[in-house]
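Residue numbers (the working numbering): 259 to 497.
Printed below as a string of structure tokens:
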């Protein structure tokens, strides 16, 4: 897994993809910081996180589109399928590499918070750290979910563009359970959709509520997508 992680992580920065992802993330987050905080004179970063949430839905699939699809296109996946390598380690390495790139981008958000807190505390006001860390932890978990879903979609095709579009569709679908539940009249299905609601659990984080069940929920979603990716690769190995 370590070797896969190092290879994949370095590949993001030996090509423009990693730099472009981080630059776009920084660009949008800086723009939203100016729109929601600096231009109106407030230290409440909730609006920044909400806007970045939707940017991530579109941006992360671009980061993950090549993780599996590129190997299939170049036929280098055949070496993986015939090599004595743990498929779980392979998928985990690819996931952690993409997640590390995402963390490099998301690390700018605490920097913004420190700068804002210095300004508001100098004026005698308190910075809402609980709200910030709730939003930040929620964004990190959602990033993990989007990455694991994107890798799973990338494993289904050898076309990177299809993988990116499919990843965007998967991310939207994951966040639509609440909306769909409003139009469902069968209580059992409605309750099931409520339990699977990703956005609602993320919303609790934005309120500064750190719930163990929500942390386990997001971790479970990430594990499930990675598990499905392993199973699909394994099926291809023995087919």
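Glycine included, every Cβ here is placed at the ideal spot set by N, Cα and C. Since we're looking at a predicted model, the values are computed, not measured.
{"Check": "Is residue 414 near the ligand SAH, going by C-beta to nearest heavy atom under 7 angstroms?", "Outcome": "Because no ligand of any kind appears in the structure shown, any question about the ligand SAH cannot be addressed here."}
{"Check": "How would you label residue 381, buried or exposed, when you count the other beta carbons within 10 angstroms and need 16 or more for buried?", "Outcome": "exposed"}
{"Check": "So residue 323 packs on residue 401, CB below 8 angstroms; how close in whole Å?", "Outcome": "No, residue 323 and residue 401 are not in contact; Cβ-Cβ is about 15 angstroms, not under 8 angstroms."}
{"Check": "Per DSSP, what kind of secondary structure is residue 467 in: helix, strand or coil?", "Outcome": "coil"}
{"Check": "Leaving out five residues on either side along the sequence, give the residues of the same chain with a beta carbon under 6 angstroms from the beta carbon of residue 354.", "Outcome": "263"}
{"Check": "Skipping 5 residues on each side, what residues in its chain have a beta carbon closer than 6 angstroms to that of residue 321?", "Outcome": "279, 356"}
{"Check": "Around the Cβ of residue 459, are there at least 16 other Cβ atoms within 10 angstroms (buried) or fewer (exposed)?", "Outcome": "buried"}
{"Check": "Contact defined as beta carbons within less than 8 angstroms: I believe residue 283 pairs with residue 363. What is the distance between those atoms, to the nearest angstrom?", "Outcome": "4 angstroms"}
{"Check": "When we look at the beta-carbon of residue 293 and count the other beta-carbons within 10 Å, is it buried (16 or more) or exposed?", "Outcome": "exposed"}
{"Check": "Verify whether the separation of the beta carbon atoms of residue 392 and residue 288 is less than 8 angstroms.", "Outcome": "no"}
{"Check": "Give me, in chain order, the residues of the same chain whose beta-carbon lies closer than 7 angstroms to that of residue 383; leave out the 5 immediate sequence neighbours on both sides.", "Outcome": "none"}
{"Check": "Taking residue 461 as the reference, give the member of 305, 300, 298, 296 with the closest Cα.", "Outcome": "305"}
{"Check": "Helix or strand or just coil, what does DSSP make of residue 403?", "Outcome": "helix"}
{"Check": "Quick one: Cα of residue 300 to Cα of residue 489, how far?", "Outcome": "48 angstroms"}
{"Check": "Quick check on the burial criterion: 16 or more other C-beta atoms within 10 angstroms. Buried or exposed for residue 404?", "Outcome": "buried"}
{"Check": "Check whether the Cβ atoms of residue 319 and residue 422 lie closer than 8 angstroms to each other.", "Outcome": "yes"}
{"Check": "Compare the Cα-Cα distances from residue 359 to each of 406, 309, 276 and report the closest residue.", "Outcome": "276"}
{"Check": "Pick helix, strand or coil for residue 319, following the three-state DSSP scheme.", "Outcome": "helix"}
{"Check": "Leaving aside the five residues before and after residue 469 along the sequence, list all residues of the same chain whose C-beta is less than 7 angstroms from its C-beta, in chain order.", "Outcome": "462"}
{"Check": "Tell me which same chain residues have a C-beta within less than 6 angstroms of the C-beta of residue 309, skipping the five on either side of it?", "Outcome": "290"}
{"Check": "Classify residue 303: buried if its beta carbon has 16 or more other beta carbons within 10 angstroms, exposed otherwise.", "Outcome": "buried"}
{"Check": "If you count every other CB in all the chains shown that lies within 10 Å of the CB of residue 312, and 16 or more means buried, which is it?", "Outcome": "exposed"}
{"Check": "If you check the beta carbons only, do residue 436 and residue 412 fall under 8 angstroms apart?", "Outcome": "no"}
{"Check": "Where does residue 454 fall in DSSP's three states?", "Outcome": "coil"}
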